[in-house]
Amino acid sequence: MFKAATVSSGAPFSREAGRHLGESLVQQLGSSPAGCLLFCSPEENLGEMVRGVCEAVGTGNVVGCTSAGEISCQGYSQHSAVLGGFASDQVDIHVAWVNDIGLDSERAGEKLAEALPHTVRFVQLFSDALEGNGCAVLRGMQRVLGNSIIIAGGAAADNMQFSRTLQFWGPHIHTRAAVAMGFSGRFSVGTGVCSGWSPIGIAKRVTRAEGNVLYELNHQPALDVYKRFLGKHVDKLPAVGAEYALGLVDHHGFMGREDYCLMRASLAVNHEDGSIMYGGEVPEGAMVRFSCCDSNSLLEAAAEAGRAALTDLAGNTPVMAFLYSCLARKVMLGRRTDEECRIVRQELGQHVPLLGFYTFGEYGRARAGMPSVLHNQTAAVAILGV
Amino acid sequence: MGRERDRDERNAEVEENIELLERKSDILTNLLKEANAEFEQALEKVTISEANFRAIFEHAPEAIFIIELSSGRIVDFNPRTLDLLGYSANELLTMSFEDVLQLGPDGQGITIPGVVGQDSIKVQEKRLVKKNGTVVDAELTCTLAAYQGKECLIALVRDVTERRQIEELARYKELFESVTDPVFISDLRGRFLEVNDVACDRFGYPRSRLISMTIRDLARPGQLGVLSQMAQLLLSGKTVQFELETSAHCGEPALFEFHTRPITYRGEPAILSVARDLSIRKKLEHALIETARLTAVGEMAAGVAHNFNNLLQMVMGAADAALAKLDAGKIRECRDAIEGILQASQRGTEIVRRIKDFTHVRDDQLRTMESADIFDLAELAQESIEFTKGCCFPDSHPLKDRITFPRTTPTPSTWASTPPSEG
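Sequence order for the protein chains is G and H. When we follow the working numbering, the leftmost residue of the first sequence carries the number 1, and every step to the right adds one. When we follow the working numbering, the leftmost residue of the second sequence carries the number 387, and every step to the right adds one.
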């Protein structure tokens with residue numbers, strides 16, 4: 001038996017609103033959930049709302065984070081909270097969290113994984129992207145759980161403010177933290193990722209980089225390369241950098257599909273040293289290309305991600321789906337953002353509960369057999385099946 | 387109000403889209419500029435690279451041929467090729483690569499596929515024919531490559547003629563030093579130009595000293611006639627073989643058999659001599675003769691011993707009889723017995739004479755014989771008696787110690803001509 005449901009609320013955050021949200025979920029499930037995922041806008045009284053949810057659902061296995069737009073069966077929403085839950089006698093839920101991931105993100109990832117039982121086969125991870133290095137957290141987790149562990153999720157967001165994101169487990173709310181929900185038992189997982197950005201221009205080699213900061217391309221300051229590429233629009237960096245994102249095209253990022261690159265979105269520009277900070281690591285030695293997109297290609301990519309996840313599920317019945325999509329996509333889609341949720345639902349089936357949010361980075365596995373990585377600019381779909 | 391807001395939103399969206407399109411247009415222009423700049427840079431790099439490769443090609447110290455694979459025609463070459471083969475550029479361009487390859491051992495031409503082989507890069511040694519007909523030993527490194535849109539054979543040709551000569555000289559040098567006989571190369575006046583280590587060891591001179599000597603310096607006095615005679619034959623181009631008595635630095639004489647022939651050494655006429663030390667062979671021959679002689683003497687001694695044994699039997703029998711008759715007072719019969727002894731002794735004298743005839747050694751010969759060649763027949767006869775008397779006489783016999791063979795002379799001839807008076 002596996003029951004899943006998602007609910008959403010656009011009401012102002014309060015304890016009552018949270019309790020009401022939780023009760024709605026319990027009502028849809030017909031019982032208290034074994035685990036819940038909560039994504040919401042960083043609004044006032046968020047803490048009260050989270051506590052209200054926890055009181056209503058009757059389980060401590062509640063994890064979530066703030067977002068830049070919420071996704072549920074009701075579609076895309078803003079300034080809202082979405083809650084998903086599962087009740088099952090064949091799946092066990094485990095929750096873990098770790099604070100201060102900015103100090104040593106890789107070690108934080110190890111601690112997070114060590115708090116989960118070794119029987120875990122699927123993990124939903126939500127981390128602070130503004131303070132910690134998501135790639136390093138992922139590496140730490142994979143060091144403990146193995147590269148084959150399927151990790152989905154997203155980096156917490158704060159709409160477009162880029163100031164502070166929040167992560168919560170149970171009624172506890174923290175920043176600079178990472179929370180994880182592990183799944184063990186009898187179930188299957190399908191994943192698919194696709195960005196819709198296409199490479200343009202000539203490939204360049206990353207000649208100097210450190211973590212997620214790119215210093216040089218082809219031995220020239222990264223900012224100079226951007227200036228030549230963007231011309232007068234360079235002053236709109238880093239926002240315009242999301243529109244013309246960087247794609248890793250060689251063995252560091254290319255995933256064996258001609259139209260797929262591991263995307264990186266620019267987050268900040270340092271005019272002093274000409275470096276640019278991205279939402280994920282840019283390995284030194286990698287070949288990169290600028291990329292561009294349009295609304296149609298983004299929507300088609302979301303559909304492709306859904307199809308790939310269904311294919312990956314290998315005929316098992318989908319019982320719940322998760323869509324983690326990049327904030328940059330929301331910006332690019334504008335008024336058509338809602339279409340992305342609807343397109344994914346169409347691909348997966350209207351009966352499959354959908355939950356997710358717009359992120360500062362998406363965790364996902366591009367293809368079966370490959371390790372999960374941190375993406376930017378991408379629609380990442382994960383489906384639980386039985 | 388709602389309509390107006392919707393209209394405003396749409397207007398904002400249109401403006402945003404226009405801005406996006408403008409940005410995209412600008413960026414595409416920038417991309418074109420960048421691509422053009424990249425192309426210019428790449429073109430410059432290619433030009434520099436082409437110039438570098440052309441410089442390498444033009445100044446390569448090895449000859450480089452570029453040969454069209456389908457026809458074997460020489461389509462390009464570097465200046466070193468002209469120097470190597472002596473053809474002009476125009477001449478080479480009308481030729482096939484097979485034209486400059488020397489025919490194979492079977493008289494058949496060498497084909498391009500044979501040069502290329504199965505491997506992508508093949509290194510092999512071939513002979514190229516220059517315009518003047520002389521031959522160049524060459525090491526060919528061949529590979530296939532596209533050149534001016536055609537499949538071509540790139541052949542790097544290294545002139546290894548000098549290396550070959552050095553290798554051949556090294557082989558001869560090795561042979562020269564490996565033989566166990568002294569080897570000399572001398573000029574026509576007999577002065578040594580080159581000697582091997584064995585020659586230095588055998589004659590006891592250091593190389594520097596031996597090189598300053600002539601063959602005459604090694605020959606013993608009295609051998610110059612032989613040398614002059616042989617020199618005449620050598621100068622007429624003949625190969626000669628002769629024995630030469632030599633003396634080493636220490637003065638030790640040695641007989642050598644020289645095999646000598648005229649050669650060309652470093653472009654000059656010279657004499658190559660291989661000397662075989664005959665001393666050992668001579669000693670072996672002498673030892674063989676000595677062995678044969680001793681065998682013959684042994685056989686003769688055995689015959690002498692047999693005859694003397696018979697005579698002794700007769701002498702002893704007669705002596706016993708004489709003693710018995712004497713004791714019995716039969717003087718006449720005793721005399722008969724003594725006469726028997728005398729007869730036996732005379733027969734012994736006859737045997738000795740026959741031995742003399744057999745040995746046939748004259749006194750003048752005897753004088754020239756070395757001491758080792760002379761054997762004492764008296765001593766031999768005494769040894770025979772000693773050998774046989776143990777068998778003939780019991781220890782108590784009164785004659786046992788009385789029978790001796792007097793050593794009147796040390797030579798068989800004198801012993802034979804003067805038989806011992808005591809029988």
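All C-beta atoms, glycine included, are put in the ideal place defined by N, C-alpha and C. A quick note: this is a predicted structure, and the numbers were derived from the prediction, not measured.
Let me know if residue i comes out buried or exposed under the rule of 16 or more other beta-carbons within 10 Å of its beta-carbon.
i: glycine 356 of chain G; result: buried
i: tyrosine 76 of chain G; result: buried
i: histidine 118 of chain G; result: exposed
i: valine 432 of chain H; result: exposed
i: proline 607 of chain H; result: exposed
i: glutamine 427 of chain H; result: exposed
i: aspartate 395 of chain G; result: The question about residue 395 of chain G has no answer, for chain G in this structure spans 1 to 386.
i: phenylalanine 791 of chain H; result: Reliability of the predicted coordinates at phenylalanine 791 of chain H is poor, the pLDDT of 47 falling under 50, and no value is obtained from them.
i: tyrosine 558 of chain H; result: exposed
i: aspartate 158 of chain G; result: buried
i: threonine 804 of chain H; result: At threonine 804 of chain H the pLDDT is 39, less than 50, meaning the model places this residue with poor confidence; the figure from the coordinates comes in the next sentence. It is exposed - the Cβ of threonine 804 of chain H has fewer than 16 other Cβ atoms within 10 Å.
i: lysine 480 of chain H; result: The displayed chain sequence assigns threonine, not lysine, to residue 480 of chain H. Burial call: exposed.
i: aspartate 312 of chain G; result: buried
i: leucine 112 of chain G; result: buried
i: glutamate 340 of chain G; result: buried
Is the CB-CB distance between residue i and residue j below 8 angstroms?
i: alanine 634 of chain H; j: phenylalanine 578 of chain H; result: no
i: leucine 217 of chain G; j: cysteine 65 of chain G; result: no
i: proline 33 of chain G; j: leucine 25 of chain G; result: yes
i: glycine 30 of chain G; j: lysine 3 of chain G; result: yes
i: alanine 68 of chain G; j: lysine 232 of chain G; result: no
i: arginine 819 of chain H; j: leucine 697 of chain H; result: Past the edges of chain H, shown from 387 to 809, lies residue 819 of chain H, and the structure says nothing about it.
i: alanine 245 of chain G; j: serine 297 of chain G; result: no
i: phenylalanine 86 of chain G; j: glycine 18 of chain G; result: no
i: tryptophan 169 of chain G; j: cysteine 293 of chain G; result: no
i: glycine 385 of chain G; j: phenylalanine 122 of chain G; result: no
i: asparagine 133 of chain G; j: asparagine 212 of chain G; result: yes
List the endpoints of the continuous alpha helix (DSSP H) containing residue i.
i: glutamate 300 of chain G; result: 295 to 312
i: methionine 160 of chain G; result: No alpha helix (DSSP H) holds methionine 160 of chain G; DSSP gives it neither H nor E.
i: threonine 350 of chain H; result: As shown, chain H starts at 387 and ends at 809. That puts residue 350 of chain H outside it, with no answer to give.
i: lysine 668 of chain H; result: 665 to 713
i: asparagine 61 of chain G; result: Neither: asparagine 61 of chain G is in no alpha helix (DSSP H) and is coded neither H nor E.
i: glutamine 346 of chain G; result: 337 to 348
i: threonine 547 of chain H; result: 547 to 564
i: glutamate 281 of chain G; result: Premise fails: glutamate 281 of chain G is in no alpha helix (DSSP H) and is neither H nor E.
i: lysine 227 of chain G; result: 222 to 230
Taking residue i as part of the beta strand (DSSP E), name the residues at either end of that continuous run.
i: lysine 204 of chain G; result: 198 to 210
i: arginine 577 of chain H; result: Careful: arginine 577 of chain H lies outside any beta strand (DSSP E) and carries neither H nor E.
i: arginine 396 of chain H; result: That residue, arginine 396 of chain H, is in no beta strand (DSSP E); its alpha helix (DSSP H) goes 388 to 445.
i: asparagine 270 of chain G; result: 266 to 270
i: alanine 321 of chain G; result: 318 to 326
i: methionine 287 of chain G; result: 287 to 292
i: glutamine 142 of chain G; result: Where glutamine 142 of chain G is concerned, there is no enclosing beta strand (DSSP E), although the alpha helix (DSSP H) it sits in stretches over 134 to 145.
i: valine 352 of chain G; result: No beta strand (DSSP E) holds valine 352 of chain G; DSSP gives it neither H nor E.
i: proline 859 of chain H; result: Outside the shown range of chain H, which is 387 to 809, sits residue 859 of chain H, and nothing can be said about it.
i: phenylalanine 483 of chain H; result: Premise fails: phenylalanine 483 of chain H lies in the alpha helix (DSSP H), 483 to 486, not in any beta strand (DSSP E).
i: alanine 382 of chain G; result: 379 to 385
i: isoleucine 149 of chain G; result: Looking at the DSSP string, isoleucine 149 of chain G is not in any beta strand (DSSP E), and its letter there is neither H nor E.
i: glutamine 74 of chain G; result: Element bounds for glutamine 74 of chain G: n/a, residue is neither H nor E.
>> Assess contact between the stretch 135 to 155 of chain G and the stretch 351 to 363 of chain G, defined as three or more Cβ pairs (one per stretch) separated by less than 8 angstroms. Is contact present?
In response: yes
>> Below 8 angstroms, how does it come out for the stretch 227 to 236 of chain G and the stretch 319 to 339 of chain G: are there three or more Cβ pairs, yes or no?
In response: no
> Between the stretch 409 to 437 of chain H and chain G, which residues of the former have CB atoms less than 9 angstroms from a CB of the latter, in chain order?
Replying inline: Arg409, Lys410, Asp412, Ile413, Leu414, Thr415, Asn416, Leu417, Lys419, Glu420, Ala421, Ala423 and Glu424
> Should the stretch 175 to 187 of chain G be regarded as contacting the stretch 119 to 129 of chain G, the criterion being three or more beta carbon pairs within less than 8 angstroms?
Replying inline: yes
>> What are the residues in the stretch 229 to 240 of chain G lying within 9 angstroms of chain H by C-beta distance?
In response: Phe229, Leu230, Gly231, Lys232, His233, Lys236 and Val240
> Are at least three pairs of beta-carbons, each pair with one atom in the stretch 298 to 305 of chain G and one in the stretch 332 to 340 of chain G, less than 8 angstroms apart?
Replying inline: yes
> Which of the residues in the stretch 390 to 407 of chain H, read from start to end, lie with their CB under 8 angstroms from any CB of chain G?
Replying inline: Glu395, Glu399, Glu402 and Leu406
>> Please list, in chain order, the residues of the stretch 321 to 336 of chain G that have any C-beta partner in chain H closer than 9 angstroms.
In response: Met332, Gly334 and Arg335
> Got a sec: which bits of the stretch 189 to 208 of chain G sit with their beta carbon under 8 angstroms from any beta carbon on chain H, in order along the chain?
Replying inline: Ile200, Gly201 and Ile202
> How about the stretch 372 to 379 of chain G and the stretch 259 to 269 of chain G: do they share at least three Cβ pairs that are nearer than 8 angstroms?
Replying inline: yes
> Going along the chain, which residues of the stretch 11 to 41 of chain G sit with their C-beta nearer than 9 angstroms to a C-beta in chain H?
Replying inline: none
> With contact counted as at least three CB pairs below 8 angstroms, one residue from each stretch, are the stretch 596 to 610 of chain H and the stretch 681 to 689 of chain H in contact?
Replying inline: no
>> For the pair the stretch 540 to 548 of chain H and the stretch 442 to 453 of chain H, tell me if three or more CB-CB distances fall below 8 angstroms.
In response: yes
>> For the stretch 65 to 76 of chain G, list every residue whose C-beta sits within 7 angstroms of some C-beta in chain H, in sequence order.
In response: none
> Any contact of the stretch 404 to 411 of chain H with the stretch 263 to 282 of chain G, i.e. 3+ C-beta pairs under 8 angstroms?
Replying inline: no
>> Under 8 angstroms, CB to CB, which of the residues in the stretch 352 to 379 of chain G have a partner in chain H?
In response: none
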